[in-house]
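These protein sequences, in sequence, are chains A and B. Okay, so the first sequence: first residue is 9 according to the working numbering, each after it adds one. Okay, so the second sequence: first residue is 3 according to the working numbering, each after it adds one. Note that CB positions come from ideal geometry on N, CA and C, so glycine has one too. Notes for the one structure printed next.
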Amino acid sequence: MTAIQTRRRPAQPEARNRIWDAGPLTKVVLALALVLSAFPIYYMFIMATRTNEEAIDVPPPMLPGGHLGENVERLLATEDAYFLTGLVNSAIVSVVVTLSVVLISTLAGFAFAKLRFRGSKILLGLILVTMMVPLQQMGVVPLYELMVTLGWTGQLKAVILPFLVNGFGVFMMTQYATQAVPDELVEAARVDGASTMRIYANVILPALRPGMAVLALLVFMQTWNEFMWPLIVLNPDNPVVQTSIAALNQAHGTDYVMLFTGTAASVLPLFIVFVAFGRQIVGGLMEGAVKA
Amino acid sequence: MTLHVETPAPARPGPRRPSGHRGSGGRGGGLARFDLRATPYFLVSPYFLLFAVFGVFPLGYTLWVSLHDWELAGDKTFIGIDNYVSLITDEAFWNAVINTLGMFVMSTVPQLVLALILANALNKRIRGRLFFRLGVLLPLITSVVAVAVVFTQLYGRDYGMINWFLGLFGVDAINWQNEKWSSWIAISTMIDWRWTGYNAIILLAAMQTIPKDLYEAAAIDGATARRQFWQITIPMLRPTIIFTVFISTIGGLTLFTEPVMFDGNPTMAGGATGQYQTVAMFIVKEAFRDFDFGYAAAAAWLLFALILIGTLINYSFTRRIGGSK
Chain A
9 MTAIQTRRRP
19 AQPEARNRIW
29 DAGPLTKVVL
39 ALALVLSAFP
49 IYYMFIMATR
59 TNEEAIDVPP
69 PMLPGGHLGE
79 NVERLLATED
89 AYFLTGLVNS
99 AIVSVVVTLS
109 VVLISTLAGF
119 AFAKLRFRGS
129 KILLGLILVT
139 MMVPLQQMGV
149 VPLYELMVTL
159 GWTGQLKAVI
169 LPFLVNGFGV
179 FMMTQYATQA
189 VPDELVEAAR
199 VDGASTMRIY
209 ANVILPALRP
219 GMAVLALLVF
229 MQTWNEFMWP
239 LIVLNPDNPV
249 VQTSIAALNQ
259 AHGTDYVMLF
269 TGTAASVLPL
279 FIVFVAFGRQ
289 IVGGLMEGAV
299 KA
Chain B
3 MTLHVETPAP
13 ARPGPRRPSG
23 HRGSGGRGGG
33 LARFDLRATP
43 YFLVSPYFLL
53 FAVFGVFPLG
63 YTLWVSLHDW
73 ELAGDKTFIG
83 IDNYVSLITD
93 EAFWNAVINT
103 LGMFVMSTVP
113 QLVLALILAN
123 ALNKRIRGRL
133 FFRLGVLLPL
143 ITSVVAVAVV
153 FTQLYGRDYG
163 MINWFLGLFG
173 VDAINWQNEK
183 WSSWIAISTM
193 IDWRWTGYNA
203 IILLAAMQTI
213 PKDLYEAAAI
223 DGATARRQFW
233 QITIPMLRPT
243 IIFTVFISTI
253 GGLTLFTEPV
263 MFDGNPTMAG
273 GATGQYQTVA
283 MFIVKEAFRD
293 FDFGYAAAAA
303 WLLFALILIG
313 TLINYSFTRR
323 IGGSK
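Here it is, written out as structure tokens:
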């Protein structure tokens, strides 16, 4: 490895490396991809600052207008959408689910990656297999009956609990712990007389922190986006943000700009997260992809 | 997708027997042994407890319900496989299956082709690499509901930007919701817009693990860029392509949010004649509009069967890509 690198370093002939330079075609492809990716989002924010009359102009407006304030006011005054309630509920659900999934996944990931116990391979295999099962769609009927029996329909815990089952999280933390924590470290702590839980708290958790951050971001985004199960189990007067937008769309679909204002507000938290942690998200996705 | 399901190499010989010796760092021997033996199960138990309640139980219970004429708080009569028999002859169900498969193919194939092209472009040396990578991931962080709202508006018949654009080329305004083909196109583009960049990033990660020497050797041998792409890149990416197809299969066959939002009314009908009703919508409609839980449960199991078959077909198909050198 080092031998190859030292051999290659001094000799960097131009011709050899030119195949990796971006040609004009590559630049066109990338520019196009960027425009197509950004345009619908840009359009959403533009519409949120316009009036309904401007929204149907031909050609459509491409620059921001000055009506964001009144659109927001109208959105908040639309009582049957419960938009603010939806935002707050989504925040609660997403934070609780994220914290729980990260905790559960690091505990299990530690055990699968660094501890020897009977049946560990079978249990981990089981998790991988169940990642293939579309639990949400398969389980709607029994989950709904369960919530009715418990009297939890319409409550946030009915949304939170099923999302705590996240095989991907366990899988990801197992992979991460395998790579990030040397066996010797666990061994040394063991020799010093540390209990397993102490090793978890003092050795494993600090080493897993970057992986935990990526998992947390992914789980937060996923939970924030959930639509089908909240639509079924929650009532219209206590929605999450996604079902609130569906209600807006249904009852006030002709008020485009207000609908777009709500939609823009619903993705804003994710945007802030993305801008702050984009680099880590890309890194985490790419690392996960290679390991998987 | 080589899944490393290996536990770490046995650096430590089995469960140690520290009990008889005082070697385990001063702690009580019995306690330490109990810790070694039992704590691992304690650590994995939260996941499996939750999974039992919210995973295994629903699956088994769905099977049980599917064998009944089952109404919420109503009659529950055992009817054997009658629900499945009716489903197989139910045109509405097959319509939903065809729609789901159709939109799955229409969205997945262009998506993966575009993702490959995009990944290849992202793999080149260019200024602002991170910027481009973040840019193509932007759609992923936009919620599906938001995507559907924006695209539904873009596809609007009278004031939609897409009809306006097509109008510049003399195309008459299309009512995208109206026909099977047009609604499928609209919904497929929503899916593709959101997922192409994600797949490109995953493929890019795999591309970067391909040794560059391979390309350099091929270039010296006179292989064109195109030939290098087909003979080196694609075969080396096979495991990752299988992975992305696998993810797309599950996502595509459980399609729900986009078509529901495209409709505007969450009636789960999927258009006036069900032209874009998916199987997931069919299940929710049977259960929560018509309150026929048994029928919905049977449909859920058939959806699962569909996913298994789809995954197997895709797997055997994708495995062959670039297989014959």
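Residue-level contact by beta carbon fails for A/ASP88 and chain B, as no gap is shorter than 8 Å. Contacts with chain B at 8 Å (Cβ-Cβ) include A/ARG287. Along the region 250-264 of chain A, going in chain order, the ones with a CB nearer than 7 Å to a CB of chain B are GLN250, ILE253, ALA254, ASN257, GLN258, GLY261 and TYR264. Within chain B, PRO48 and TYR49 have C-beta atoms less than 7 Å from the C-beta of A/ILE112, given in sequence order. Of the residues A/ALA272, A/MET205 and A/TYR184, the one whose Cα lies closest to the Cα of A/MET294 is A/TYR184.
Contact with chain B is found for A/GLY147, since one of that chain's Cβ atoms lies less than 8 Å from the residue's Cβ.
Listed in chain order, the non-local C-beta contacts of A/GLY177 below 6 Å within the same chain comprise VAL109, SER113 and LEU223, local neighbours out to five positions each way being set aside. Beta-bridge pairing by DSSP links B/ARG127 to A/ASP29. The beta carbon of A/ALA56 is closer than 7 Å to those of LEU76, ASN79, VAL265, PHE268, THR269 and ALA272 in its chain, skipping five residues each way along the sequence. For B/THR79, the beta-bridge partners assigned by DSSP are B/ASP71.
Closest option to A/SER102, judged by alpha-carbon separation, among A/ILE168, A/PHE47, A/MET52 and A/ASP65: A/ILE168.
When secondary structure is reduced to three states using DSSP, A/ALA56 falls in the coil class, being assigned neither helix nor strand. Taking a C-beta distance under 8 Å as the contact criterion, B/GLN279 and B/ASN101 qualify as a contact pair.
In the three-state reduction of the DSSP assignment, A/VAL104 falls in the helix class, which pools H, G and I. Interface flag for A/MET70 against chain B is unset, since no Cβ pair is found closer than 8 Å. Close partners of A/THR204 in chain B (Cβ separation under 8 Å): ASP37, LEU38, THR41, PRO42 and LEU45. Residue state for B/VAL111 is assigned as helix, using DSSP reduced to three classes. B/LYS287 counts as buried, since no fewer than 16 other beta carbons sit within 10 angstroms of its beta carbon. Take the alpha-carbon of A/TRP237 and the one of A/LEU256: they are about 18 Å apart.
Boundaries of the alpha helix (DSSP H) around A/LEU256: 249-260. Close to chain B, meaning a Cβ-Cβ distance shorter than 7 Å, are the following residues of the region 38-60 of chain A: LEU38, ALA41, LEU42, SER45, ALA46, PRO48, ILE49, TYR51 and MET52. Here the C-alpha atom of B/MET108 lies approximately 18 Å from the C-alpha atom of B/ILE311.
Along the region 271-292 of chain B, the positions whose C-beta sits under 9 Å from a C-beta of chain A are VAL281, ALA282, ILE285, VAL286, ALA289 and PHE290, read in chain order. Closest option to A/VAL148, judged by alpha-carbon separation, among B/MET105, B/LEU216, B/THR211 and B/TYR63: B/TYR63. Linking A/THR138 to A/GLY73 through their CA atoms gives a straight-line distance of about 49 Å. Each residue's CA atom was taken as its position, placing A/VAL173 and B/TYR49 some 7 Å apart. Of all residues in the region 248-273 of chain B, the ones placed with a Cβ closer than 7 Å to any Cβ belonging to chain A are ILE252, THR256, PHE258, THR259, MET263, GLY266, ASN267 and PRO268, in chain order.
The beta carbon of A/ILE100 sits closer than 7 Å to those of LEU164, all from its chain and outside the five residues before and after it, given in chain order. Taken atom to atom, the span from the alpha-carbon of A/ASP88 to that of A/ASP245 is near 7 Å. Cβ proximity to chain A below 7 Å picks out PHE53, PHE56, GLY57, PHE59, PRO60, LEU61, TYR63, THR64 and VAL67 from the region 53-72 of chain B. At a cut-off of 8 Å between beta carbons, B/VAL147 contacts chain A. Taken atom to atom, the span from the alpha-carbon of B/PHE319 to that of B/PHE248 is near 12 Å.
Within the model, the alpha-carbon separation for B/LEU168 versus B/ALA188 is close to 14 Å.
Taking 9 Å as the cut-off between beta carbons, the residues of the region 176-195 of chain B near chain A are TRP195, in sequence order. Contact of A/SER102 with chain B is not assigned, every C-beta pair being separated by 8 Å or more.
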